[in-house]
Amino acid sequence: MIKTAVDTSQKRILTLPRFPEKLTRTQFYPLAYRFMYLSRQMDEKLKELFRKGYVKGTVTLSAGTEATSIGMSFPFRPGHDVLSLLHRDLGAHLVQGVTLLSLMCQFIANDKSPTHGREGNVHHGNAAMRRLPMISHLGDMLSLAVGAVFGARRNGEDAMGLAIVGDGGSSTGDFHESLNIASVRRIPVLFLIENNHYAYSTPTRFQYNCKQLSDRAAGYGIEGQTIDGTDAWEVYTTVCNALETMAHDSMPRLVECMTLRLEGHAAYDKAEYVSQEERQQWLKREPIMRARIALGGCGFSEEMIAALEAEVVDEVNATAREALQYGRPSPQVHLGPVYAPPEERISLPPLRFEHARNLNAVNAALDYIMQHFPSACLFGQDIGVYGSAFKSCRGLYEKYGAERVMDMPLAESATTGLCLGASQTGVLPIMEFQFADFATEAVTQLGLNAGTWYFRTGRPARILFRLPCGGGITLGAFHSGEFDGLWTRFPGLKIFYPVTPQEMFEAIVAGFMDPNPCLVFEHKLLYGGRQETIEFNGDYTAVCRPRKYTEGDALTIIAFGAMVETVRAVVEKHNYSVEVWNPFILNPLHLDALIESVRRTGRLLVVQESGETAGMGDRIISLVCRKAFDALSSAPRLVGAPDAPVPFAKELESSHIPDSAKIDQEIAMMMGATSE
Ligand SMILES: Cc1ncc(C[n+]2csc(CCOP(=O)(O)OP(=O)(O)O)c2C)c(N)n1
Ligand SMILES: [Mg+2]
36 MIKTAVDTSQ KRILTLPRFP EKLTRTQFYP LAYRFMYLSR QMDEKLKELF RKGYVKGTVT
96 LSAGTEATSI GMSFPFRPGH DVLSLLHRDL GAHLVQGVTL LSLMCQFIAN DKSPTHGREG
156 NVHHGNAAMR RLPMISHLGD MLSLAVGAVF GARRNGEDAM GLAIVGDGGS STGDFHESLN
216 IASVRRIPVL FLIENNHYAY STPTRFQYNC KQLSDRAAGY GIEGQTIDGT DAWEVYTTVC
276 NALETMAHDS MPRLVECMTL RLEGHAAYDK AEYVSQEERQ QWLKREPIMR ARIALGGCGF
336 SEEMIAALEA EVVDEVNATA REALQYGRPS PQVHLGPVYA PPEERISLPP LRFEHARNLN
396 AVNAALDYIM QHFPSACLFG QDIGVYGSAF KSCRGLYEKY GAERVMDMPL AESATTGLCL
456 GASQTGVLPI MEFQFADFAT EAVTQLGLNA GTWYFRTGRP ARILFRLPCG GGITLGAFHS
516 GEFDGLWTRF PGLKIFYPVT PQEMFEAIVA GFMDPNPCLV FEHKLLYGGR QETIEFNGDY
576 TAVCRPRKYT EGDALTIIAF GAMVETVRAV VEKHNYSVEV WNPFILNPLH LDALIESVRR
636 TGRLLVVQES GETAGMGDRI ISLVCRKAFD ALSSAPRLVG APDAPVPFAK ELESSHIPDS
696 AKIDQEIAMM MGATSE
């Protein structure tokens, strides 16, 4: 048998010439063809395994995309540049050094799967190697590549990025947000559109109305071009040239590759919506056939090519046989934790700050962090010269400069994604949402991307998000939200809700030091509230505990945010014998101390500012009933806002948010309730 001498062992792949070196056409094609053929054979095997039931879920195939996928990924330096690949980029993973066996195990979801079976099929990557693991939400990976390149370059590296999106994904808001940010901030990411004429069954005429998608580049002030994505050499050389210019001008670029999807959307889709004529046209541009002809032009005889193909088929068959021998994942071994464990505690300097209100506490905490952690960067709207909408960042821009205090466009989703990406390459991001309400723009990035990061990748996502929240200052329905029930629904997010200046300082420092994505709710009404001296002894772990403000034995009151202050005022005024508590961390909830309190008092009242349905009150009452029902002498009660938008006019808002009179009435009623 003829030995083809095309070595694509992992060791060889990782040492292939990459940017700025270039392969010649005759060096390129033997390698490219082998990878393309391997990708296609893997597709065939996946279809077979899907039919036989060994592979489950959405099996998206790469057939038709091989020239694009392999051509585009060749120049990028594994572990150095940042790649965000998509569901038809099997070939690109191979070119970046992922073994066929690991891919096979990922699809079969066995006990050797690189994601331990926690994620399926195309949802894999290696964040440590800067191949960012894909999530389903199309468009939402682009900003992570932008952030990771930003982070690496901030550390002095010359990393560049490759971020893939389909014709369908190019319609998402995150596509726009990400290209815009990359351009404004000069972050060299090559955005590459794999335009295969369809998004699932939707043809491109219903997707966009410009002539070609690369026309959009002009709108971002960057260069764009459309090329033949079925010609591997054209893709390769275009990407090499783009990288060369990006290395000089640091600007992102947009390349649209006109490619093909030779199968249905996924293994279960017969693509009957594609006409025979269209399919016939496609087959004339079939990329493997074209690469095969090009390989012949590089001196490979028919016999040599056939031998190479036979080797590939053998490799795929042998790998599938091996992967099928492995066991299934077990919940005990393979279902890892959702939260990253605490890192080794470092000693932080103590701080004392007199006459502090909450706004000063936020500012002091940010200043403290920026001073002691040179990798910390602030991101947000109007946080620079203006010092942020509530002035919590006042003076930080002047002190730490535009490179660390960054005004961002109105792009909450991509800014969040950027923070997540940057957290993987050495930045310690702190992001301010101008109002907590606008964080709903970033639900996917926060709840599904950042929140699941540790579970999926085994790597921390250390990011602090600040959310000025709550009503009481007549800002109406869209600037007064608390959304405790929304964010606590996402496992993997840690949520702090401090009340006093001391707690505010502690929450921001503790949230910043935590290896998980942390949200700090900052109630706007409290910014100018109670004044006290902050004393921080440097122990940011001890602060993560529920807070008790008053002693008493007749009733336990659990409250959040501004409601804590209202409750405390009522209790102090009437000298009620009650324990007032704030859980401090809303997610994950640690209720032991509070349940102990309920056991002592036998009664529970929860006071919340947000609407009654699906707020923290319901959750806490449910847990107390389940864990300490026997200790309750009367039914727990909840005081909350009605399930309605927060109204604007002062009189309406005041009647919406629970006030002292209402709280007093509830306390008095519960205190009077007789034990059964
Ligand atoms: C935001 C979002 N909406 C819907 C889907 C469901 N979905 C998965 S793939 C797909 C089509 C994607 O088309 P395109 O971006 O062109 O990529 P292609 O599959 O053609 O490579 C859709 C609608 C999704 N994954 N993400
Ligand atoms: Mg498409």
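Quick note on this note's numbering: the sequence shown kicks off at 36 and runs consecutively. Beta carbons are placed, not taken as given, at the ideal position from N, Cα and C, and that holds for glycine.
Give a yes or no on whether the C-beta atoms belonging to alanine 117 and alanine 187 are separated by under 8 angstroms.
-> On the sequence shown, residue 117 is found 82 positions in, with the first residue counted as 1. On the sequence shown, residue 187 is found 152 positions in, with the first residue counted as 1. Reading off the sequence, residue 117 comes out as valine, not alanine. In this structure, the beta-carbon distance from valine 117 to alanine 187 falls below 8 angstroms.
Between asparagine 617 and the rest of its own chain, which residues show a CB-CB distance below 6 angstroms, the 5 nearest in sequence each way excluded?
-> For the purposes of this step, residue 617 is taken as the residue at position 582 of the sequence shown. Within the same chain, Val534, Arg582, Val599 come within 6 angstroms of asparagine 617 by CB-CB distance, once the 5 residues on both sides are set aside.
Can you tell me the Cα-Cα spacing of valine 41 and threonine 451, whole angstroms?
-> By 1-based counting over the sequence shown, the position of residue 41 is 6. By 1-based counting over the sequence shown, the position of residue 451 is 416. Distance between the alpha carbons of valine 41 and threonine 451 is about 43 angstroms.
Please report the residue range of the beta strand (DSSP E) in which threonine 591 lies.
-> Here residue 591 refers to the residue found at position 556 when the sequence shown is read from its first residue. From DSSP, the beta strand (DSSP E) with threonine 591 extends over 590 to 594.
Within the present structure, is the beta-carbon of glycine 99 separated from the nearest heavy atom of ligand 2 by less than 7 angstroms?
-> Within the sequence shown, the letter at position 64 stands for residue 99. No, ligand 2 has no heavy atom inside 7 angstroms of this Cβ.
Helix, strand or coil at isoleucine 630 according to DSSP, with G and I counted as helix = If you number the sequence shown from 1, residue 630 lands on position 595. In this structure, isoleucine 630 counts as helix in the three-state DSSP scheme.
Just how far apart, CA to CA, sit glycine 430 and glutamine 566?
-> Indexing the sequence shown from 1 puts residue 430 at position 395. Indexing the sequence shown from 1 puts residue 566 at position 531. Near 21 angstroms, if we compare the C-alpha coordinates of glutamine 566 and glycine 430.
In the structure shown, what three-state DSSP assignment does glycine 646 receive?
-> Position 611 of the sequence shown holds residue 646. Assignment of glycine 646 by DSSP, reduced to helix, strand and coil, places it in the strand class.
Look up tyrosine 233 in the DSSP assignment and say whether it is helix, strand or coil.
-> Sequence index remark: in the sequence shown, residue 233 carries index 198 (1-based). The three-state secondary structure of tyrosine 233, taken from DSSP, is strand.
Is glycine 203 near ligand 2, with its Cβ less than 7 angstroms from a heavy atom?
-> Looking up residue 203 in the sequence shown gives position 168. Because some heavy atom of ligand 2 lies under 7 angstroms away, the Cβ of glycine 203 counts as near it: yes.
Which term fits glutamine 469, buried or exposed, when burial requires 16 or more other beta carbons within 10 angstroms of its beta carbon?
-> In the sequence shown, counting from the first residue as 1, residue 469 sits at position 434. Buried is the label assigned to glutamine 469, since at least 16 other Cβ atoms lie within 10 Å of its Cβ.
Quickly, what does DSSP pair isoleucine 620 with across the bridge? List them, please.
-> The residue you call residue 620 lines up with position 585 of the sequence shown. Phe531.
Roughly how many whole angstroms lie between the Cα atoms of tyrosine 271 and arginine 112?
-> As a working note, residue 271 is residue 236 in the sequence shown. As a working note, residue 112 is residue 77 in the sequence shown. If you take the alpha carbons of tyrosine 271 and arginine 112, they lie about 14 angstroms apart.
Coarse secondary structure for proline 366, derived from DSSP in three states = Here residue 366 corresponds to residue number 331 of the sequence shown, with the count starting at 1. Of the three classes helix, strand and coil, the one that applies to proline 366 here is helix, per DSSP.
Nearest to aspartate 442 by alpha carbon, out of Ser458, Ile465, Thr460, Leu687?
-> The count along the sequence shown starts at 1 and reaches residue 442 at position 407. In terms of CA proximity to aspartate 442, Ile465 leads the group Ser458, Ile465, Thr460, Leu687.
Stretch pair the segment 236 to 253 + the segment 287 to 295: three plus CB contacts closer than 8 angstroms | At 8 angstroms Cβ cutoff, the stretches touch.
Would you identify the three-state DSSP class for isoleucine 328, choosing helix, strand or coil?
-> For this step, residue 328 is matched to residue 293 along the sequence shown. Here isoleucine 328 sits in helix by DSSP.
Please report the Cβ distance between glutamate 586 and glutamate 614, rounded to the nearest whole angstrom; I am assuming they are in contact, meaning their Cβ atoms lie under 8 angstroms.
-> Within the sequence shown, residue 586 is the residue found at index 551, counting from 1. Within the sequence shown, residue 614 is the residue found at index 579, counting from 1. Confirmed, Cβ separation roughly 6 angstroms.
6 angstroms Cβ shell around leucine 639 - same chain, five flanking residues per side excluded | Within the sequence shown, numbered from 1, the residue matching residue 639 stands at position 604. Taken in chain order, the residues that qualify are Thr591, Val633, Val659, Pro671.
Quick one: what's got a C-beta closer than 8 angstroms to leucine 629's C-beta in the same chain, skipping five residues either side?
-> In the sequence shown, counting from the first residue as 1, residue 629 sits at position 594. Cβ neighbours of leucine 629 beyond the five flanking positions: Pro581, Thr591, Ile593, Trp616, Pro618, Ile655, Val659.
Spatial neighbours of histidine 691 in its chain, beta-carbon cut-off 8 angstroms, leaving aside the 5 residues before and after | Here residue 691 refers to the residue found at position 656 of the sequence shown. Correct list, in chain order: Gly506, Ala676, Pro677, Ala679, Val681, Pro682.
Tell me which same chain residues have a C-beta within less than 6 angstroms of the C-beta of arginine 439, skipping the five on either side of it?
-> On the sequence shown, position 404 is the one that residue 439 refers to. Correct list, in chain order: Cys412.
Could you tell me the distance, in whole angstroms, from the CA atom of alanine 180 to the CA atom of leucine 463?
-> The sequence position of residue 180 within the sequence shown is 145, counting from 1. The sequence position of residue 463 within the sequence shown is 428, counting from 1. A direct Cα-to-Cα measurement between alanine 180 and leucine 463 gives close to 16 angstroms.
Continuous beta strand (DSSP E) assignments of at least 3 residues falling wholly in the segment 257 to 344 | Listed in chain order, they are 258 to 263, 288 to 293.
Along the chain, where does the alpha helix (DSSP H) that runs through glycine 452 open and close?
-> What you label residue 452 is simply residue 417 of the sequence shown in a count that begins at 1. Counting along the chain, the alpha helix (DSSP H) containing glycine 452 begins and ends at 447 to 457.
Same chain, Cβ closer than 6 angstroms to alanine 329, neighbours up to 5 away in sequence not counted | Residue mapping note: residue 329 aligns to position 294 of the sequence shown, counting from 1. Here the set comprises Tyr64.
How long is the line joining the alpha carbons of leucine 554 and lysine 529, rounded to whole angstroms?
-> Taking the sequence shown and counting its residues from 1, the one referred to as residue 554 is at position 519. Taking the sequence shown and counting its residues from 1, the one referred to as residue 529 is at position 494. For leucine 554 and lysine 529, the distance between alpha carbons rounds to 6 angstroms.
6 angstroms CB neighbourhood of histidine 428 in its chain, flanking five on each side removed = As a first step, residue 428 is located in the sequence shown; it is residue number 393 there, counting from the start. In the sequence on display, residue 428 carries cysteine and not histidine. Excluding positions up to five away in sequence, the list reads Ile418, Gly422.
Can you find at least 3 beta carbon pairs, one from the segment 52 to 72 and one from the segment 82 to 96, that sit closer than 8 angstroms?
-> With a cut-off of 8 angstroms, the segment 82 to 96 and the segment 52 to 72 do not count as touching, because too few Cβ pairs lie within range.
Return yes when at least one heavy atom of ligand 2 lies under 7 angstroms from the C-beta of tyrosine 233, else no.
-> Here residue 233 refers to the residue found at position 198 of the sequence shown. Taking the Cβ of tyrosine 233 as the reference point, at least one heavy atom of ligand 2 falls within a distance shorter than 7 angstroms.
Could you name the residues of the same chain whose beta carbon sits closer than 6 angstroms to that of isoleucine 228, not counting the 5 residues immediately before and after it, in chain order?
-> Along the sequence shown, read from residue 1 onward, the residue named residue 228 stands at position 193. Sequence-distant partners of isoleucine 228 (beyond 5 residues in either direction) whose C-beta falls short of 6 angstroms from its own C-beta, in its chain, are Val200, Ser205, Leu248, Glu291.
Helix, strand or coil at serine 710 according to DSSP, with G and I counted as helix | Numbered from 1 along the sequence shown, position 675 holds the residue referred to as residue 710. Residue confidence for serine 710 is low, a pLDDT of 40 falling below 50, so the modelled location carries little weight and cannot support an answer.
Report yes if the CB atom of proline 364 is closer than 8 angstroms to the CB atom of glycine 174, and no otherwise.
-> Numbered from its first residue, the sequence shown carries residue 364 at position 329. Numbered from its first residue, the sequence shown carries residue 174 at position 139. In this structure, proline 364 lies away from glycine 174, with their beta-carbon atoms at least 8 angstroms apart.
Among Gly182, Val274, Asn352, Thr636, which one has its Cα closest to the Cα of leucine 455?
-> Along the sequence shown, read from residue 1 onward, the residue named residue 455 stands at position 420. Gly182 is the residue among Gly182, Val274, Asn352, Thr636 whose C-alpha sits nearest the C-alpha of leucine 455.
Check whether the Cβ of threonine 585 lies closer than 7 angstroms to any heavy atom of ligand 1, and answer yes or no.
-> Sequence index remark: in the sequence shown, residue 585 carries index 550 (1-based). No, since every heavy atom of ligand 1 falls outside the 7 angstroms radius drawn around the Cβ of threonine 585.
With C-beta atoms as the reference, is methionine 716 less than 8 angstroms away from leucine 278?
-> This structure does not reach residue 716, given that the chain is present from 36 up to 711, and the question cannot be answered.
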